[in-house]
Structures are given as C-alpha cells and as structure tokens.
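By numbering that gives the first Met the number 0, the letter at position 368 of the first sequence is numbered 367, and the numbering carries on one by one without gaps.
Remarks on the structure that follows.
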Amino acid sequence: MSDDDETFEAGGYTLHRRREFVWELPKQGDMRVPARVLASRDLLEAISDDRTIEQLRNTTHLPGVTDYAICMPDGHQGYGFPVGGVAAIDAESGCISPGAVGYDVNCGVRMLTTNLTYDDIEGREEELTNALFDAVPTGLGGGGVINGSRESIDAALEYGVEWALEEGWAVESDLTHCEDGGRRLDADPSAVSKRAKDRAMNQMGSLGSGNHFLEVQRVTDIFDADTAAAYGLSEEQVVVLIHCGSRGLGHQTCNDYLRRIEEEHDDLLAQLPDRELAAAPAGSDLAAEYYGAMCACINFAWVNRQLIMHRTREVFADVFDRSWREMEMELLYDVAHNIAKREVHETSAGETELFVHRKGATRAFPAGHPEVPAAYRDTGQPVIIPGSMGAGSYVLSGGEQSLSETFGSTAHGAGRLMSRTQAKDEFWGGDVQDDLRDQQKVYVKASSGATIAEEAPGVYKDIDEVVRISDALGIGDKVARTFPVCNIKG
DNA sequence: ATGTCC
Numbered sequence: 000m001s002d003d004d005e006t007f008e009a010g011g012y013t014l015h016r017r018r019e020f021v022w023e024l025p026k027q028g029d030m031r032v033p034a035r036v037l038a039s040r041d042l043l044e045a046i047s048d049d050r051t052i053e054q055l056r057n058t059t060h061l062p063g064v065t066d067y068a069i070c071m072p073d074g075h076q077g078y079g080f081p082v083g084g085v086a087a088i089d090a091e092s093g094c095i096s097p098g099a100v101g102y103d104v105n106c107g108v109r110m111l112t113t114n115l116t117y118d119d120i121e122g123r124e125e126e127l128t129n130a131l132f133d134a135v136p137t138g139l140g141g142g143g144v145i146n147g148s149r150e151s152i153d154a155a156l157e158y159g160v161e162w163a164l165e166e167g168w169a170v171e172s173d174l175t176h177c178e179d180g181g182r183r184l185d186a187d188p189s190a191v192s193k194r195a196k197d198r199a200m201n202q203m204g205s206l207g208s209g210n211h212f213l214e215v216q217r218v219t220d221i222f223d224a225d226t227a228a229a230y231g232l233s234e235e236q237v238v239v240l241i242h243c244g245s246r247g248l249g250h251q252t253c254n255d256y257l258r259r260i261e262e263e264h265d266d267l268l269a270q271l272p273d274r275e276l277a278a279a280p281a282g283s284d285l286a287a288e289y290y291g292a293m294c295a296c297i298n299f300a301w302v303n304r305q306l307i308m309h310r311t312r313e314v315f316a317d318v319f320d321r322s323w324r325e326m327e328m329e330l331l332y333d334v335a336h337n338i339a340k341r342e343v344h345e346t347s348a349g350e351t352e353l354f355v356h357r358k359g360a361t362r363a364f365p366a367g368h369p370e371v372p373a374a375y376r377d378t379g380q381p382v383i384i385p386g387s388m389g390a391g392s393y394v395l396s397g398g399e400q401s402l403s404e405t406f407g408s409t410a411h412g413a414g415r416l417m418s419r420t421q422a423k424d425e426f427w428g429g430d431v432q433d434d435l436r437d438q439q440k441v442y443v444k445a446s447s448g449a450t451i452a453e454e455a456p457g458v459y460k461d462i463d464e465v466v467r468i469s470d471a472l473g474i475g476d477k478v479a480r481t482f483p484v485c486n487i488k489g
C-alpha cells in the first residue's frame, strides 16, 4: 500500500483513511471533535469539489457535539450543514440547530406493500400513472387531499397519525408501522407560527416539488430472504414509495426559528464559523420552543404522507376494482430523513442524552432496540433508501454496527451529483421522460417538465455504491431492491 | 426543500 492509499484530498482538506470506507478529518484548530466521512474513493471524488467537507468540519464547532460528526456516503452540501450529515449533540450542555435538521422538517419516505405482482400492472402503467397524478396533488403551492382548517391543522400538529386514524384516513397498523407510532409526543403546536399554519391550510396531503415523488415499483431483488419475508417483500411484488415532507409549514418554521435564534443567541452564533449553523443553547427557552415546533412539523409530515397513502389506496381500489384490503396494501414503514431527536446513546463519555441531528440521514436501529416497533423488533428497523427514477431504490434493515458507529443512522438516498440549474442545462424533461418509458418501461408524469430534468437519473450518484458502503459497514444491511414502474412528481 | 425574497 502506498502513501497515496492513506489520505484523500477533498475540498481543500486532507482526510485520513481509518479503515475501509471510514475517512477522518482529525480534530484541529477550533474543532471540538474529529469528523468522519463514510465513503468509497469514488464517492469522495463526488464531494471533493463542493463545500461538503468544509460544512462537515464546521459542524464540529457546535457546542456539545459528541465523539465525531459524520457524513454519510450520499452526502453533499446543504444549508450550513451537509445533507447526509449526522451530529449527536449533548441535550443538556450542547445546542440544537435548525440548519442541522433541514428546511424540510421530516422529509421522509414510506413504503406501501401490496399483493399485486408486476404482471398485474404491466400494460396498464399509463392508466395507473394518470389516475395517481389526478388524485394526488403535486407541485409548488396549494391543493391538498383534504381541506385544512385551523382546528385540523392544530390536531395534526399535536396528534400526528393518531388524528388521521380518528378522522378515518388511517388504520391502526399504519400507526404501529411508523416511527413513534406516527406521533411525536414532544410536539408543541403553540410554538408554530400562525404564518406557518396558514401555509399548511391548503397543503394537507400534497407531494410538493423538487425530489419528492410517488412511485409504483416492483421488487427486483431479494438479498436477505428471512428479513424480506418479515417485511412482507417478495420478488416481482408491486410496492409504492411516497417521498415528501412538511411542505410550506416546515419551511416556514425553520425560517422563523433561524431568524429568532440569530437574534436571541448572537453570542453563540459569534463562536460558529457559519451563520447558517445558528443554534439555540440546550436548556434555553428557544431551544425548547424550536424542539416543540420541529416535533409538531414532524407530526404534520407524517399526516401528509398518511393522507397521500390513503388516497393511493383509493386510486388502486378504483383502477383494479378491488378493495385495498383485498390487495393487502399495508404500510411497511415510514422513515424520517430530516429530524433531530432526543435519544440516549453510549458515547465516549458514557450513556448520554443527545439531540441526534439527522439531516438527509435515516435512523437505522438494529434488532432488539426497544424503540424499534414490535413488528420489526427481531429483524431491525426497515430503512428505505430511494434512488433515482432510472435506478430504483433499496430496503435495508438497521445494522448491528449502527449504534456504535453512527448513533444509529445510515444514508438516505443517492445524493445529487449536480445542482438543479446544471441539471436543466444538461437535460430536457421531455427527453428524459421519453427515454425512461422507451428504454426502461418507467412511466413518469410531472406538473413541470423542468422538475423531470432536475430529477433526471443522471443527476444522481450511484445508489448501488451508497448502499454497498452502508452494508459493508454494518450500519444498514441490504434486504431488497426495487425498480420504478410509474412515477408522479411536482 | 420552498407562495425559489417580506
């Protein structure tokens, strides 16, 4: 092995290879802890020319950051804190940072299984795509599956999917197959501004734009037969993947608190290398308010995905002329990609209560963890990692090493290779749509052609490579792979 | 991500 094998120059920083797929930026200067990038050399190349490493380094300045900051294999630069970043911050002596959660609070994915197989939908893709597109609101701005009211929004913010169950938009098993039972108990709707709630009014049950989508998929590969069986997955099965977040409500809430934190905690801000990392000190009123507001946004995003899933069941019932129960359209699991959560972890300082910030990262608790829903306690938490429209997605299970390596986390997607602007220069939506249909039998329909260009398969990193790293490190283990059939988006 | 700046 040459010296060249031991370090990697990325974004002006020197990373040191600790072991396979683990690269470390040693603690230096004002860094409180080292930073780690979990990646292959190919994936490191992809982040070498943007601000990912610099932003990761900046996160190690946050008070209370514990052991090391982490960048997942799909990481790329984001607002202040990398997308694909994980920072575990002491919940007593540290801080909480909206930029380390993300603008789209509880952006995430849920997978719905069915007892249909690819044969059942082959030849009917356009019909199904159109029916879904007509039924599920997409794109920027207004229109939801249901009309919101002040009362319903407050109830959704406080009770999450429990509220949806009472209203008839959910069944009991939808709650037991969701993190926190679909309700984050720490939610404080009174900490969410009127303005944020107003934006939610006509967005209850809407996909939004950007990388959000609803995709009908078929299972193409099973890697772990026992776990796949426990998850109810089999080859050629049809499943549905829903990817969206908290829409304008989460965005407004993030903005509201960033501004307030900048104003009220400028002393802490002055210690940080980037304004975008603005954080409220643990124990402050504002930290408690932000946490309560963020948890309310988490509940809203779960309700959003629930309403879309409910509508999807209705569309399938209509198109296939069978009840959704006959088609066994069960929620496999719902995973959050953008959240902070109070969790207790074993750290170098012993058992510690932390705000685990996962931004573009997925919780990946292993078998036996008490916070994994009973249905999956013996197999580990399902982890759903969407890829691109041309590459498909993965289902993993939380890995044995996740608690010791990544505060119980793994990657969340393929990760962008280029900006949206660059994507629109490289691709034209109509061509992407035609190629996907003609070459891969993938049917795409979107409110905007520009969105298809921005989300072209070529703008994403290799999802296989991202998942390979997760599996090799034992933080999230491969269970199954899916491939798109129908995709609707903003 | 986002009524792509209140």
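Using N, Cα and C, we set each Cβ at its ideal position, and we do this for glycine too.
This structure is a prediction, so every number in the text was calculated from the model and none was measured.
Check, Outcome
"Range covered by the beta strand (DSSP E) that runs through F482", "475-488"
"Where the alpha helix (DSSP H) through N129 begins and ends", "124-134"
"Nearest candidate by alpha-carbon position, reference Y117, set V441, A449, I451", "V441"
"Length of the line joining the Cα atoms of I468 and D320", "42 Å"
"Anticipated Cβ contact below 8 Å, V104 with I383, distance rounded", "18 Å between Cβ atoms; not a contact."
"Residues bridged to H356 (per DSSP)", "A86, A339"
"Nearest candidate by alpha-carbon position, reference G249, set M293, R258, L285, D273", "M293"
"Alpha-carbon to alpha-carbon, G79 and H356", "13 Å"
"Per DSSP, the bridge partner or partners of T409", "T361"
"Pairwise C-alpha distance: D476 and R18", "19 Å"
"Reduced DSSP secondary structure (H/G/I, E/B, other) of T112", "strand"
"From E453, L330, P365, G448, residue whose alpha carbon lies closest to that of G231", "L330"
"Whole-angstrom C-beta distance between F222 and A479, which should lie under 8 Å", "6 Å"
"Buried versus exposed, by CB contacts within 10 Å (16 or more), G11", "exposed"
"Option nearest V85 by Cα separation, candidates L139, R362, P385", "R362"
"Rounded Cβ spacing between L206 and K488 (contact assumed at less than 8 Å)", "7 Å"
"Strand pairing of I152, partner residues [DSSP]", "Paired residue(s): none; I152 is not in a bridge."
"Through-space distance from C296 to D173, alpha-carbon basis", "19 Å"
"Y393 - containing beta strand (DSSP E), residue span", "392-397"
"Residue of N146, T378, F482, H368 minimising C-alpha distance to G391", "F482"
"Under the three-state DSSP convention, the category K444 falls into", "strand"
"A287 to A281 span [Cα, whole Å]", "8 Å"
"Spatially closest choice to Y67 from R31, S92, I451, by CA coordinates", "R31"
"Any non-hydrogen atom of the ligand SAM within 7 Å of T346 CB", "As presented, the structure is devoid of all ligands, the ligand SAM included, so that no description of it is given."
"S92 versus D266: straight-line alpha-carbon distance, rounded", "15 Å"
"Sequence-distant residues of the same chain with beta carbon closer than 8 Å to S408, five excluded per side", "I69, M71, V85, V355, R357, A360, T361, R362, A363, S401, I474"
"Bridge-paired residues (DSSP) for A9", "Y12"
"Pick from E125, R341, D29, R324 that is closest to Q432, judged by C-alpha positions", "E125"
"Buried versus exposed, by CB contacts within 10 Å (16 or more), A228", "exposed"
"Extent of the continuous alpha helix (DSSP H) run through E262", "246-263"
"Where the beta strand (DSSP E) through Q216 begins and ends", "212-221"
"Residue burial classification, A38 (beta-carbon count within 10 angstroms, cutoff 16)", "buried"
"Start-to-end residues for the beta strand (DSSP E) that takes in R56", "Looking at the DSSP string, R56 is not in any beta strand (DSSP E); the run it does join, the alpha helix (DSSP H), is 51-58."
"Same chain only: Cβ atoms within 7 Å of D2, ignoring 5 sequence neighbours per side", "Low confidence applies here, because D2 scores a pLDDT of 49, under 50, leaving its location unreliable; read the following figure in that light. Around D2: no qualifying Cβ."
"Residues of its chain near G138, where Cβ-Cβ distance is below 6 Å and the 5 sequence neighbours each way are ignored", "S208, S446, G489"
"Buried or exposed by the 16-neighbour rule on C-beta atoms within 10 Å, applied to Q76", "buried"
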